[in-house]
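Protein chains in written order, with the working numbering: chain L, 13 to 155; chain Z, -14 to 99.
Structure first, then comments.
Pasting the structure below:
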């Protein structure tokens, strides 16, 4: 597979997730990575939206992807208030499930799944950059 | 991708929910709503058709576990895909749940209560 650049602009999280699901048909070898990307985008967009609402603001998103044989490089641009997803505290995972407080898992999952994370905020907007690694090549893989 | 939920009685005291699609922040309320109608002693989530689960989906599963424990009930999960299993592993949820790799394994577990 050659490098492929995509720019996804959707007014809703559902639109972004549906666009990522559609990409699995075009790139079946990246199915597992695209599922992880859907999870990561869900967590990121939900948290950025939640923070923006708490500040009385709304946010627009744009997702830029570089699809490569061994990884997907991503940049999520938003125009909401600055919120660094790499700075949130980790939840206490040693507590039994039924005693754990609600919340905090989403950004923890995000941070565990991505590599090379970077957050940039400027008056023009914010950008969360990260990379998702594809599983190793298999004998039957068609990448 | 949407979420499809099929609710089937597994036996006299257990209800099975077969989940297909995506259990994410937009579809998790659908599952919460479906669970409101269920008062079985054992609630089983069959995840065979689930392509991914987000933290919103995990919260519904954990809230169900919490509720079931308060009434002496159980929660079981079966047929996780590798991707879904990875999410449960990252948040260290595997030890707190009854997890079965196949429907047959789960049926044996259910039969042990009859």
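Don't be surprised by glycine CBs; every beta carbon is placed ideally from N, CA and C.
Worksheet entry | Euclidean distance between Cα positions of residue -1 of chain Z and residue 37 of chain Z | The C-alpha of residue 37 of chain Z is placed about 24 angstroms away from the C-alpha of residue -1 of chain Z.
Worksheet entry | Ordered list of beta strand (DSSP E) runs contained in the segment -9 to 18 of chain Z, each at least 3 residues | Runs found: -1 to 8.
Worksheet item: Interface residues of chain L around residue 37 of chain Z at Cβ under 7 angstroms?
Response: Simply 47, 50 and 51.
Worksheet item: Rounded to whole angstroms, how far is the Cβ of residue 126 of chain L from the Cβ of residue 109 of chain L, which I believe are closer than 8 angstroms?
Response: 24 angstroms between Cβ atoms; not a contact.
Fill in: Buried or exposed by the 16-neighbour rule on C-beta atoms within 10 Å, applied to residue 90 of chain L
By the neighbour-count criterion, in which a residue is buried when 16 or more other Cβ atoms sit within 10 angstroms of its Cβ, residue 90 of chain L is buried.
Worksheet entry | Where residue 84 of chain L sits in the DSSP three-state scheme | Reduced to three states, the DSSP call for residue 84 of chain L is strand.
Practice prompt. Would you identify the three-state DSSP class for residue 24 of chain L, choosing helix, strand or coil?
Written response: In this structure, DSSP gives residue 24 of chain L a state outside helix and strand, which the three-state scheme calls coil.
Practice prompt. Mind listing the chain L neighbours of residue 9 of chain Z? Cutoff is C-beta to C-beta under 7 angstroms, in chain order.
Written response: Neighbours of residue 9 of chain Z on chain L, chain order: 29 and 54.
Fill in: Separation of residue 99 of chain L from residue 35 of chain Z, as counted between CA atoms
For residue 35 of chain Z and residue 99 of chain L, the gap between their C-alpha atoms comes out near 30 angstroms.
Worksheet item: Do the segment 118 to 133 of chain L and the segment 51 to 60 of chain Z touch if we need at least three Cβ pairs shorter than 8 angstroms?
Response: Counting Cβ pairs under 8 angstroms, fewer than three are found: no touch.
Discussion item. One question on the structure: do residue -11 of chain Z and residue 26 of chain L come within less than 9 angstroms of each other, judged by their Cβ atoms?
Written reply: No, the pair does not count as a contact, with Cβ atoms beyond the cut-off.
Fill in: Span separating the alpha-carbon of residue 68 of chain Z from that of residue 74 of chain Z
When the Cα atoms are used, residue 68 of chain Z and residue 74 of chain Z turn out to be separated by approximately 10 angstroms.
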